[in-house]
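Undergrad: All residue numbers for the sequence shown refer to this note's numbering, where the first residue is 3 and numbers rise by one.
Positions of the beta carbon are idealized from the N, C-alpha and C atoms, including for glycine.
Before I ask anything, here is the structure I am working with.
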Amino acid sequence: MEIFLGAFTQEWERRRAAFLHERLIGRAKEDEELRSRRGSSVPVGSSGRERPKRSVLGPEQPYGRHSQPRRAIGTRFAGLASGSQPAVVKMASFGAASRLGAMAGYISRNGEVSMETQSGQELRGRDAIASLSDEWAHLMGNRAESRDIGLFCIDIAHGPEKAQAMHDRARFIVRSAVGDRSFAFGVEDRDGTHRIEGVVVLRSKNGDRLTADAKATEIVRTRMTRAGVDAREAEFRFTGYGNGVEYGSARLRTLVARFDGAVETDRGEKIADAKQAGDLVQQEWRGELHSRKSRDVMHLVMSARAGTDVEAFRAAARAFLAEEFGEHRYVFSLHDPTRDPKAEQVGGKRPHVHVHAIVAMRAEDGERIETSIGSFRRWRESLAEQARARGIRMEMTDRRDQANAPAYTRNHVRPVSHMGRTEHAGTSRFAALRYEQKRREVPTVAKTARSLDYTERVRSQWLEVVRDTENINAKGFAKSQLSRIDAAGRSLEKLPSTPDVRGEIGSKIRAALIRLSELVEVENMNTMTRSEFEAYEKRVEAALVQAERLLPETWRSRFEEIASAARDHVDARREMMEQAEQAGDRPRENLRARQADDINREDAVARERLASLEAGHDVMIAVEHYRKLIASAGPDRSSPDKASLQTSLSAVLARASELGAAGNAYIREIAEVDHALRAAIEAAAQRSAERITNRAGGADERHSARNTENEMQDREPKSEELMRADRMQSAADTRTDHTKQRVSRLEELQRQAERNRDRDEFER
Numbered sequence: 003m004e005i006f007l008g009a010f011t012q013e014w015e016r017r018r019a020a021f022l023h024e025r026l027i028g029r030a031k032e033d034e035e036l037r038s039r040r041g042s043s044v045p046v047g048s049s050g051r052e053r054p055k056r057s058v059l060g061p062e063q064p065y066g067r068h069s070q071p072r073r074a075i076g077t078r079f080a081g082l083a084s085g086s087q088p089a090v091v092k093m094a095s096f097g098a099a100s101r102l103g104a105m106a107g108y109i110s111r112n113g114e115v116s117m118e119t120q121s122g123q124e125l126r127g128r129d130a131i132a133s134l135s136d137e138w139a140h141l142m143g144n145r146a147e148s149r150d151i152g153l154f155c156i157d158i159a160h161g162p163e164k165a166q167a168m169h170d171r172a173r174f175i176v177r178s179a180v181g182d183r184s185f186a187f188g189v190e191d192r193d194g195t196h197r198i199e200g201v202v203v204l205r206s207k208n209g210d211r212l213t214a215d216a217k218a219t220e221i222v223r224t225r226m227t228r229a230g231v232d233a234r235e236a237e238f239r240f241t242g243y244g245n246g247v248e249y250g251s252a253r254l255r256t257l258v259a260r261f262d263g264a265v266e267t268d269r270g271e272k273i274a275d276a277k278q279a280g281d282l283v284q285q286e287w288r289g290e291l292h293s294r295k296s297r298d299v300m301h302l303v304m305s306a307r308a309g310t311d312v313e314a315f316r317a318a319a320r321a322f323l324a325e326e327f328g329e330h331r332y333v334f335s336l337h338d339p340t341r342d343p344k345a346e347q348v349g350g351k352r353p354h355v356h357v358h359a360i361v362a363m364r365a366e367d368g369e370r371i372e373t374s375i376g377s378f379r380r381w382r383e384s385l386a387e388q389a390r391a392r393g394i395r396m397e398m399t400d401r402r403d404q405a406n407a408p409a410y411t412r413n414h415v416r417p418v419s420h421m422g423r424t425e426h427a428g429t430s431r432f433a434a435l436r437y438e439q440k441r442r443e444v445p446t447v448a449k450t451a452r453s454l455d456y457t458e459r460v461r462s463q464w465l466e467v468v469r470d471t472e473n474i475n476a477k478g479f480a481k482s483q484l485s486r487i488d489a490a491g492r493s494l495e496k497l498p499s500t501p502d503v504r505g506e507i508g509s510k511i512r513a514a515l516i517r518l519s520e521l522v523e524v525e526n527m528n529t530m531t532r533s534e535f536e537a538y539e540k541r542v543e544a545a546l547v548q549a550e551r552l553l554p555e556t557w558r559s560r561f562e563e564i565a566s567a568a569r570d571h572v573d574a575r576r577e578m579m580e581q582a583e584q585a586g587d588r589p590r591e592n593l594r595a596r597q598a599d600d601i602n603r604e605d606a607v608a609r610e611r612l613a614s615l616e617a618g619h620d621v622m623i624a625v626e627h628y629r630k631l632i633a634s635a636g637p638d639r640s641s642p643d644k645a646s647l648q649t650s651l652s653a654v655l656a657r658a659s660e661l662g663a664a665g666n667a668y669i670r671e672i673a674e675v676d677h678a679l680r681a682a683i684e685a686a687a688q689r690s691a692e693r694i695t696n697r698a699g700g701a702d703e704r705h706s707a708r709n710t711e712n713e714m715q716d717r718e719p720k721s722e723e724l725m726r727a728d729r730m731q732s733a734a735d736t737r738t739d740h741t742k743q744r745v746s747r748l749e750e751l752q753r754q755a756e757r758n759r760d761r762d763e764f765e766r
């Protein structure tokens with residue numbers, strides 16, 4: 003079969019058609035194998051263009067898949083002064099596979115606005131939204147998000163009459179239940195009896211994590227009994243759980259509202275209002291969560307000024323997505339205020355045209371999108387280039403070009419109004435300050451040495467624009483930028499360079515800050531094992547606590563900025579560690595541990611038992627997750643959302659049944675009380691027996707059936723040697739699969755170098 007590239011009008015269409023044709027005839031597979039041997043993961047199409055690589059040791063190279071040089075800074079400034087609009091590419095959020103349907107529903111206004119796929123196909127309606135989950139399923143990691151925050155309830159038969167005495171008693175009971183975990187609670191009087199309702203961080207200080215399910219409830223009740231709390235006096239139960247800081251903040255604010263401010267922490271401190279609740283979770287609990295959330299898809303937003311040609315901007319966004327994410331699956335939708343079906347009161351009909359895009363983080367060839375500072379700069383450059391090619395005057399901008407304030411993130415704010423431009427409230431004092439500075443675009447200059455040098459270059463370029471341009475408006479615009487830069491410089495001079503402290507306290511502060519800077523140094527970004535990372539994270543948090551305790555109050559806002567940057571660095575290292583785990587790139591220490599396990603057979607069996615238990619636990623968490631979503635979806639069985647959830651439940655239930663049929667003791671124990679799971683396991687065992695019968699060929703059918711029945715009946719008391727052999731085979735298969743996904747060391751070094759270069763640009 004031949005294709006005619008001349009039939010396509012766009013370059014991205016020709017490249018995609020060529021790549022798909024090569025894949026069809028087998029050539030793409032050969033190219034992929036060649037790239038694998040070379041240590042490259044960038045797909046090659048017939049256009050012959052590969053993404054330029056940046057040298058690990060050499061000077062900085064141009065960004066992007068395209069080979070054109072960067073647009074000169076003077077050219078960009080002249081364009082901005084003459085009226086060009088800035089290119090805006092923002093990261094709205096990341097999401098797990100389970101969020102794909104909701105995210106697609108949001109950008110398509112529940113199917114009322116059409117979406118376009120990477121292949122140019124138009125999707126409209128709720129059925130099209132539901133089909134995305136199935137079509138993208140092979141690209142999703144489907145990792146269960148961590149359970150970080152638990153909700154609990156304790157019914158007390160009787161207690162002290164005085165309110166304060168009751169709160170002290172309640173704090174003791176909760177402490178005996180959850181140990182050293184952080185928590186907050188309120189007490190309700192019920193005609194002689196009392197009920198404690200509270201929120202707790204599920205991960206303890208030493209790393210033990212409660213799962214907030216029936217099994218965890220039994221663990222807690224046993225702990226209470228050992229602490230001397232009579233089970234007849236206090237009955238504990240978990241009432242819910244969730245992931246992340248946002249969930250914890252929302253639930254704690256709800257608790258404070260319910261008890262009208264009569265909520266106390268584990269330290270006996272009062273939480274009077276929603277602001278204090280948000281500050282507690284954002285500033286104190288955040289470091290204890292060790293939250294994990296799968297990043298399977300990302301939500302990008304590209305914006306243009308009001309009055310921009312809608313169809314031209316749609317074409318520019320389409321070409322930009324094809325250029326930057328050509329090997330990924332994505333959908334995008336344009337929101338035009340004149341055609342938006344969503345009302346302005348609930349966040350619709352924005353005054354400017356913008357495009358929402360949902361992109362799968364993993365490409366068909368396994369490459370993942372990197373969302374570094376350099377990536378966003380490249381994306382803004384690419385969008386501006388595509389817009390100019392379609393008659394839209396647009397330039398890439400850096401916040402340092404116009405002395406703009408640093409951006410705030412979703413963790414810094416929570417929405418309070420969607421009328422017109424969305425209004426937010428800060429989640430902490432530092433976050434509120436950062437939000438207000440960005441909202442009012444307070445002149446701000448980045449404080450690193452490299453950024454200060456860049457700012458001087460920016461100032462000289464604006465001076466050239468003032469000197470060379472003859473247009474009055476352009477000259478006025480350039481002068482206003484110079485005024486902003488000068489104002490930001492004056493505000494920087496007013497900041498103290500060092501704490502005004504003397505003697506022993508001063509030396510302790512300097513030692514604490516030096517220790518913190520060493521821990522978050524970017525020069526060494528080697529991948530850690532999970533145990534190494536958890537120890538590293540504890541060291542960073544300990545250094546932050548020590549520095550916060552020693553710094554004077556006048557440095558509080560500056561310290562919160564330092565702490566935020568340090569925790570962002572820890573989050574980046576956590577992502578590196580998790581990606582290395584997914585790719586199977588284990589350090590040498592793990593290899594030595596595996597060799598030691600091979601020598602000590604008993605230890606190997608114990609480790610395999612633990613792995614089996616964890617696998618069963620993870621899949622059952624997924625089963626319960628989908629069951630709760632289906633139960634909350636209502637009785638309408640014809641709903642596409644419910645049908646999609648039912649399909650997901652069937653998939654994870656099938657996985658659980660396979661593990662149970664293979665002898666997973668944890669799942670088989672649950673199956674004793676879960677009839678649906680028991681039936682699925684029996685069906686899986688029957689299918690396995692039928693496959694064995696078919697392979698037996700000419701064996702006597704009755705003899706085969708009797709053996710199958712005996713196998714099903716005797717599966718539990720299976721010999722230790724056979725179980726060990728099965729587990730070793732499963733482990734071997736897993737290692738083989740991980741080997742296929744291994745990321746080359748060269749690529750990892752290049753990523754380290756990119757992060758090193760981006761260090762001084764952190765506030766961009």
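So the alpha helix (DSSP H) Lys277 belongs to, where does it begin and stop?
TA: According to the DSSP assignment, Lys277 belongs to the alpha helix (DSSP H) that extends over Ala276 to Asp281.
Undergrad: Does Glu313 pass the burial test, meaning 16 or more other C-beta atoms within 10 Å, or should it be called exposed?
TA: exposed
Undergrad: What is the rounded straight-line gap between the Cα of Met304 and the Cα of Ile360?
TA: 12 Å
Undergrad: Taking its Cβ as the centre, do 16 or more other Cβ atoms sit within 10 Å of Ile343, making it buried, or is it exposed?
TA: The displayed chain sequence assigns Pro, not Ile, to residue 343. So Pro343 ends up on the exposed side.
Undergrad: Residue range of the beta strand (DSSP E) that Leu302 falls in?
TA: Val299 to Ser305
Undergrad: Closer than 6 Å by C-beta to Ser95: which residues in its own chain qualify, once you throw out the five before and the five after it? Chain order, please.
TA: His301
Undergrad: Using a Cβ-Cβ cutoff of less than 6 Å, which residues in the same chain neighbour Met117 once the five nearest sequence positions on both sides are dropped?
TA: Ser110, Leu125, Val333 and Ser335
Undergrad: Does Asp400 come out as helix, strand or coil in the three-state DSSP assignment?
TA: coil
Undergrad: How many Å lie between Gly250 and Arg412 at the Cα?
TA: Our two residues, Gly250 and Arg412, have alpha carbons roughly 14 Å apart in a direct line.
Undergrad: Would you grab the beta carbon distance between Val467 and Ala480 for me? Rounded to a whole angstrom, and I think it's under 8 Å.
TA: 4 Å
Undergrad: Please report how far the alpha carbon of Arg288 lies from the alpha carbon of Arg205, in whole angstroms.
TA: 11 Å
Undergrad: Which ranges does the beta strand (DSSP E) cover as unbroken runs of at least 3 residues, wholly within the region 407 to 455, from first to last along the chain?
TA: 415 to 419 and 425 to 428
Undergrad: My output table needs one value for Ile198: the three-state DSSP class, helix, strand or coil.
TA: strand
Undergrad: How should Lys440 be labelled, buried or exposed, when 16 other C-beta atoms within 10 angstroms of its C-beta is the threshold for buried?
TA: It counts as buried.
Undergrad: Any idea what DSSP makes of Glu458, helix, strand or coil?
TA: helix
Undergrad: Is it true that the region 530 to 546 meets the region 564 to 576, where meeting means three or more beta-carbon pairs spaced less than 8 Å apart?
TA: yes
Undergrad: Run through DSSP, which three-state label would Asp232 get?
TA: coil
Undergrad: In this structure, how does DSSP classify Ala545 when only helix, strand and coil are distinguished?
TA: helix
Undergrad: CA-CA distance, Ile487 and Glu458?
TA: 9 Å
Undergrad: Where Lys55 and Leu257 are concerned, what is the direct C-alpha to C-alpha distance, given to the nearest angstrom?
TA: Because Lys55 carries a pLDDT of 36, less than 50, the predicted location of this residue cannot be relied on, and the following value inherits that uncertainty. Straight-line measurement puts the Cα of Leu257 at about 52 Å from the Cα of Lys55.
Undergrad: Compare the C-alpha of Leu651 against each of Ala645, Ala663, Tyr628 and Glu660 and name the closest.
TA: Tyr628
Undergrad: Considering Cα atoms alone, identify which of Ile564, Val415, Ala386 and Ser100 is closest to Val547.
TA: Among Ile564, Val415, Ala386 and Ser100, the Cα nearest to that of Val547 belongs to Ile564.
Undergrad: Which of the three DSSP states is assigned to Val115 in this structure?
TA: coil
Undergrad: Helix or strand or just coil, what does DSSP make of Ser335?
TA: strand
Undergrad: Between the region 391 to 399 and the region 71 to 88, do three or more beta carbon pairs fall short of 8 Å?
TA: Yes, they touch.
Undergrad: Are there 16 or more other CB atoms within 10 angstroms of the CB of Arg297, so buried, or fewer, so exposed?
TA: buried
Undergrad: Between the region 372 to 389 and the region 351 to 360, do three or more beta carbon pairs fall short of 8 Å?
TA: These segments do not touch.
Undergrad: How would you write the range of the beta strand (DSSP E) that Leu134 sits in, first residue to last?
TA: Counting along the chain, Leu134 falls outside any beta strand (DSSP E), though it belongs to the alpha helix (DSSP H) covering Arg128 to Glu137.
Undergrad: Less than 8 Å between C-beta atoms, sequence neighbours within five positions excluded: which residues of the same chain meet that for Glu425?
TA: Pro417, Val418 and Ser419
Undergrad: Would Ala89 and Ala476 be called neighbours here (beta carbons separated by less than 8 Å)?
TA: no
Undergrad: Which word fits Ser1, buried or exposed, when buried means at least 16 other C-beta atoms lie within 10 angstroms of its C-beta?
TA: Any property of residue 1 remains undetermined from this structure, which presents the chain solely from 3 to 766.
Undergrad: Would you kindly check if the distance between the Cβ of Val189 and the Cβ of His160 is under 8 Å?
TA: No; because the gap between Cβ atoms is not below 8 Å, this pair is not in contact.
Undergrad: Could you pull the DSSP bridge partners for Glu237 from this structure?
TA: Asp157
Undergrad: Kindly indicate which three-state DSSP category Ala264 falls into: helix, strand or coil?
TA: coil
Undergrad: Looking at the unbroken beta strand (DSSP E) that takes in Met93, where does it start and where does it end?
TA: Val90 to Gly97
Undergrad: Cys155 and Arg197 look like a contact to me (Cβ under 8 Å); what is the Cβ gap, rounded to whole Å?
TA: 7 Å
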